[in-house]
Structure formats: C-alpha cells, structure tokens
C-alpha cells in the first residue's frame with residue numbers, strides 16, 4: 008500500500024511540544040515578552056517555563072536577557088531568526104495537516 | 008500585565024504529541040488503517056508506533072483489532088468516537104493558535 012509522506016513527519020519535537028509551541032507563538036506576536044507574561048499567558052509554573060525556555064535557548068530559538076528595573080530583576084525572552092523560521096515551518100506543516108483533516112469532515 | 012488564555016493551554020499532550028497527532032490524523036481520513044500502513048505513512052519503527060498506539064488505546068482514543076488473512080496476521084486500528092472528538096478539539100485549538108500567528112505575519 009503506497010503512502011505519501013504525511014505532514015506529521017515534518018513536525019519537530021523541539022518546536023511542536025505543547026509548551027514550547029505556546030512560547031514561540033506568543034513570541035511570534037510580540038517583539039519580546041518577559042518571563043512573567045509568558046508564565047501567565049500559558050498558565051505555567053516557573054519551573055516548567057524555565058525548563059522549556061532552556062530547551063529553546065539550547066536550540067538557538069530564543070535569546071534570554073536579564074535586566075534590572077530599579078532593584079527588580081526582569082527576564083526578557085525574544086525569538087531569534089532561527090526560532091521564527093522554525094515556528095513558520097511548524098505552522099506550515101500544521102496547516103497542511105489540518106487541511107488534510109478538513110477535506111474529509 | 009493581563010493576558011488572555013492562550014489556545015496552547017487547550018492542547019492535550021495525549022493528542023498533541025507529534026506521532027499520536029499523525030496517527031489520529033491518518034485515522035481521521037480513513038475508517039480504519041492497518042499497522043503497516045500507519046507505520047509507512049508516518050515513517051515510524053514498529054516499536055515507536057506500538058508504543059504510541061498503546062497510549063492512544065489506554066486513553067480510549069483508538070480500538071485495535073487483530074485479524075488473520077489466511078495465515079498472515081493483520082492489525083487494524085480505528086479511531087473511537089472519543090478519539091475523533093479529541094482530534095477535533097486539537098484541530099480547533101491549533102486553528103486558533105495558527106490564526107493568532109497569521110494575524111501578525
């Protein structure tokens with residue numbers, strides 16, 4: 008039985024994982040976001056957000072900058088060019104996967 | 008900083024995980040598919056497909072039936088009503104997430 012390559016084969020776990028996809032999607036809408044905003048937007052714990060930001064940073068998909076506003080530390084996160092490209096590829100694969108699905112429903 | 012609930016919060020790991028999303032998407036297009044077809048369509052190893060089918064079966068999202076054609080065993084997989092509903096919810100969340108993304112690009 009011949010089978011064409013399915014768009015699911017083009018999904019990359021680094022970007023596709025639920026929390027990381029959420030982070031990149033938020034960063035795709037804003038130039039940068041701070042840690043607290045990401046944590047609240049995605050309803051995450053500090054530890055969970057930190058862990059997934061670490062994976063994205065190690066893959067070169069986000070840059071993390073720590074600043075001080077007065078004495079208050081603030082952590083800023085920005086998607087790199089590679090991160091934006093990875094999100095675009097994920098969205099393209101998802102659009103194709105959803106398109107397949109919608110043809111039959 | 009107020010933040011609306013992000014659609015990523017509605018993604019469920021059981022369905023969202025890359026391989027399992029692929030399996031449910033294939034089953035969303037066909038009434039049922041056999042093990043070999045799924046394995047080839049999604050470019051998986053036997054072990055990887057078996058493991059993820061097990062997760063979906065335990066969640067009640069697929070039904071697995073073993074038949075014989077002559078002496079050749081054949082394993083059929085079918086999405087349950089719950090599996091189809093879970094895929095529909097995933098697709099709705101993804102569509103919203105992608106929609107957010109497309110507004111700004």
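Chains as they are written, first to last, in the working numbering: chain A, 8 to 112; chain B, 8 to 112.
Think of the CB as a built atom: it goes at the ideal place given N, C-alpha and C, for glycine as much as any other residue.
Since we're looking at a predicted model, the values are computed, not measured.
- Item | Nearest-angstrom Cα separation, counted from residue 14 (chain B) out to residue 103 (chain B) | Their Cα atoms are separated by approximately 6 angstroms.
- Query: By a C-beta neighbour count over all protein chains shown, 10 Å radius and 16 as the cutoff for buried, is residue 8 (chain A) buried or exposed?
  - Reply: Summary for residue 8 (chain A): the model assigns pLDDT 47, below 50, so the residue's position carries little reliability; its value from the coordinates is reported in the next sentence. Exposed: under 16 other Cβ atoms inside 10 Å.
- Item | Cβ neighbours of residue 67 (chain A) in the same chain (closer than 8 angstroms, five flanking residues each side left out) | 87, 89, 90
- Which of helix, strand or coil does DSSP assign to residue 40 (chain B)? strand
- Query: Taking Cβ to Cβ, would you say residue 19 (chain A) is nearer than 8 angstroms to residue 76 (chain A)?
  - Reply: no
- Item | CB-CB length for residue 29 (chain B) against residue 49 (chain B), believed under 8 angstroms | 5 angstroms
- Item | Contact check, residue 31 (chain A) vs residue 22 (chain A), beta carbons under 8 angstroms | yes
- Three-state class that DSSP yields for residue 8 (chain A) in the structure shown: In this predicted model, residue 8 (chain A) has a pLDDT of only 47, less than 50, meaning its place in the structure is not dependable; the value taken from the coordinates is given anyway. Residue 8 (chain A) falls in the coil class under three-state DSSP.
- Task: Kindly indicate which three-state DSSP category residue 86 (chain B) falls into: helix, strand or coil?
- Result: Look at residue 86 (chain B) here: in three-state DSSP terms it is strand.
- Query: Under 8 angstroms between C-beta atoms, does residue 86 (chain B) make it to chain A?
  - Reply: No, its Cβ sits nowhere closer than 8 angstroms to a Cβ of chain A.
- residue 81 (chain A) in three-state terms, based on DSSP: strand
- Query: Using a C-beta cutoff of 8 angstroms, does residue 59 (chain A) count as contacting chain B?
  - Reply: Interface residue (Cβ-Cβ distance to chain B less than 8 angstroms): residue 59 (chain A) is not classified as such.
- Query: Are the CB atoms of residue 62 (chain A) and residue 27 (chain A) nearer to each other than 8 angstroms?
  - Reply: Against a cut-off of 8 angstroms, the Cβ pair of residue 27 (chain A) and residue 62 (chain A) comes out as a contact.
- Message: Taking 6 angstroms as the limit between beta carbons, can you name the residues of its chain near residue 109 (chain B), skipping five residues before and five after?
- Response: none
- Using the C-alpha atoms, what's the distance from residue 101 (chain A) back to residue 47 (chain A)? 25 angstroms
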